[in-house]
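Q: Quick note on numbering: the sequence shown equals residues -17 to -1, 1 to 199 in mature numbering (1 follows the signal peptide of the UniProt record, and there is no 0).
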Amino acid sequence: MIQFTRRLLLLIPCVLAVSGLSGQTPDLRETIITSDRLEMQGTPDRNYFYFTGEVKVDGTNLQILCNELTIVAMRKGEETATIGEIDAIQQITARGSVEIHQAGRSAYAGLAEVNPKVGTVTLSENPKIIDGEVEVEGYQFVLHKGERKFESIPDPNAPADAPSRSVVRLGAMPDMGFDQTEEEITVDDRIESIPEDNQATPDEIDEEEGVDRVDP
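(1) Nearest to C49 by alpha carbon, out of A77, D138, I16?
(2) Rounded to a whole number of angstroms, what is the C-alpha to C-alpha distance between F17 and K39?
(3) Is it the case that the Cβ atoms of I47 and E22 are separated by a distance below 8 Å?
(4) Put K39 into one of helix, strand or coil per three-state DSSP.
(5) Let me confirm a value: L106 is counted as buried when at least 16 other C-beta atoms fall within 10 Å, else exposed. Which label applies?
(6) So D147 and A141 are supposed to be a Cβ contact under 8 Å. How far apart are they, rounded?
(7) With distances taken from CA atoms, which of P27, E130, L52, T26 is nearest E37?
(8) In the DSSP assignment, what residue or residues form a beta bridge with N98?
(9) Going straight from the alpha carbon of I72 to that of R152, what length do you get?
(10) Using the C-alpha atoms, what's the distance from Y122 back to G42?
(11) If you count every other CB in all the chains shown that lies within 10 Å of the CB of G6, and 16 or more means buried, which is it?
(12) Taking a contact to mean a Cβ-Cβ separation below 8 Å, would you say V55 touches Q74 in this structure?
(13) If you follow the beta strand (DSSP E) that D114 is part of, which residue opens it and which one closes it?
(14) For the beta strand (DSSP E) containing R152, list its first residue and its last residue.
(15) How close, in whole Å, do the beta carbons of A92 and E108 come, if the pair is a contact with beta carbons under 8 Å?
(16) Using C-beta distances below 6 Å, list every residue in its chain close to E138, excluding the 5 sequence neighbours before and after it, in chain order.
(17) Given this structure, state the Cα-to-Cα distance separating F133 from A90, to the nearest angstrom.
(18) Buried or exposed for A95, please, with buried defined as at least 16 other CB atoms from any protein chain shown within 10 angstroms of its CB.
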């Protein structure tokens, strides 16, 4: 195991551009991770990276801030090397005050789990997503890579009489004009006015219906 206690900077090729907050596919560039501390450990087939203390990730149109970050990557090269050559990333886990910013959208959570193979990011522990004037809060969110959509997962342990619900906050709604006076309301030609001179009198109505009117 290798430990660093100084301010650390690590380059990992473009693997964190999978946050799913953007449908765009910009040119990929290397990802830079900085932290106060790093521990790295290698096994015959994997590399483990443990970042702690003011962790910051800068990648392709992407920034991640958190307290702790764990990356599990496949390795290749000499098996006897402490840390082999970094290959495909298997899992990325961010913990503590997680912020993900990409393409003008932001996500906040206590826990974020990235699955590069599937192309999803799962946000847990009071997650919130902000996209322009729209804010969404819920129990758990699953974001999908390359799509501007996400799933809101309810709390499976919530009581039946008080289920967990997603909360969506939108910008101010425009005035729909429901407070118009009767004179201001128009319904095109769906309602036609009947001229007073064409309206039937009570006697004409009685005659048509065959009713004998008895005056008091």
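Think of the CB as a built atom: it goes at the ideal place given N, C-alpha and C, for glycine as much as any other residue.
Just so we're clear, the structure is a prediction, and the values are computed from it rather than from any experiment.
A: Quick look at the numbers:
(1) A77
(2) Strictly speaking, residue 17 in this sequence is Thr, with Phe absent from that position. Approximately 5 Å, taken between the alpha carbons.
(3) no
(4) strand
(5) buried
(6) For the record, residue 147 in the displayed sequence is Ser; it is not Asp. Confirmed, Cβ separation roughly 4 Å.
(7) L52
(8) T103
(9) 35 Å
(10) 27 Å
(11) In this predicted model, G6 has a pLDDT of only 49, less than 50, meaning its place in the structure is not dependable; the value taken from the coordinates is given anyway. Exposed, because fewer than 16 other Cβ atoms sit within 10 Å of the Cβ of G6.
(12) yes
(13) 111 to 114
(14) 150 to 152
(15) 6 Å
(16) The sequence given here places Asp at residue 138; Glu does not occur at that position. Once the five neighbours on either side are set aside, the close Cβ partners of D138 are Y122, S147.
(17) 11 Å
(18) buried
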